[in-house]
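Structure, as structure tokens:
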Amino acid sequence: MTLLWVGAGVLTVFTVLMLIQPILRRPRPLVSRGAYDAAVLTDQLAEIDRDEAAGQIDAEAAAAARRELKRRLLAAIESTRGSPAEQSANVSGKASKKKAPVAIVLALAVPALAVFVYLNLGNPEKPDQPLAARLSTGDLAEAKHQPAADQSLTATVAQLESYLASRPDEGQGWFLLGRAYLTLERKAD
């Protein structure tokens, strides 16, 4: 029994850690679109220099490409001012303070809920409920009307017997009569 409780405790701790880990994880720093674009454009400028040095493009085309990339680079740098990356530094401190109570509540609520459910539903020492209490009213009514169904089947068997007395070569009828006898537990017939 002790091994059961140790296993349940280990599983509970594991579950709580898996639930809390994403909440307590530090948020990834946001990279603004402008900063990303600036990095890509800087790399493209270096590529133009390599292509010009390798002789793949002439000096005039390289100068035109550099002007265009520098213009786009300035626009990207301008868009990074007041970017979400700068604002996220202020927000992340507030967000982590809000996450701690959620993690604590979750760490306490999950095991408490598991114990509550176990004590109400799964406790082996809890007395069993009587059959009548477990059955729904429809199931209970159906169980009470079972003898009436047997009487109806008995009447049907009597009709089938009289029918087969007049037509003894009816194979399907004999098969149905045999099944009815098995249902009524009249194996001697």
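Here the sequence shown stands for residues 106 to 294, numbered as in this note's numbering.
A virtual CB, placed ideally from N, CA and C, is assigned to each residue, including glycine.
For a test of the three-state rule: what should DSSP assign to residue i, helix, strand or coil?
i    : result
T168 : It should be noted that the sequence gives Ala, not Thr, for residue 168. In the structure shown, A168 sits in a helix (DSSP, three-state: H, G or I).
G227 : helix
R284 : helix
M123 : helix
V145 : helix
D154 : helix
K175 : helix
I162 : coil
Q256 : helix
L289 : coil
V136 : coil
N195 : Model confidence at N195 stands at a pLDDT of 48, short of 50, so the residue's coordinates are unreliable; what they give is reported in the following sentence. Looking at N195 - three-state DSSP - the assignment turns out to be helix.
E266 : helix
Q277 : helix
P235 : coil
May I have the straight-line CA-CA distance separating residue i from residue j, to the nearest angstrom?
i    : j    : result
L178 : S137 : 14 Å
L282 : E266 : 7 Å
A144 : L226 : 59 Å
E165 : E183 : 27 Å
E290 : F280 : 15 Å
Y141 : Q149 : 13 Å
Y223 : V111 : 15 Å
G276 : Q264 : 16 Å
A170 : R131 : 41 Å
N195 : A113 : Residue placement at N195 cannot be trusted, given a pLDDT of 48 that sits under 50; what the coordinates show is reported in the next sentence. If you take the alpha carbons of N195 and A113, they lie about 41 Å apart.
Ignore the nearest five residues each way along the sequence and tell me which others in residue i's own chain have a CB closer than 6 Å to its CB.
i    : result
V121 : A212, V215
V262 : A285
T185 : S137, G139, A140
F221 : none
In or out: residue i buried (at least 16 other Cβ within 10 Å) or exposed?
i    : result
L146 : buried
A181 : buried
G139 : buried
I153 : buried
Tell me which residues share the same chain as residue i and place their Cβ nearer than 8 Å to its Cβ, disregarding the 5 neighbours each side in the sequence.
i    : result
T117 : V215, P216, A219
R272 : G278
A205 : L129
L174 : L146, Q149, L150, I153
Which same chain residues, not among the five before or five after residue i, have their C-beta less than 7 Å away from its C-beta?
i    : result
T107 : none
L258 : A285, T288, L289
Y268 : G278
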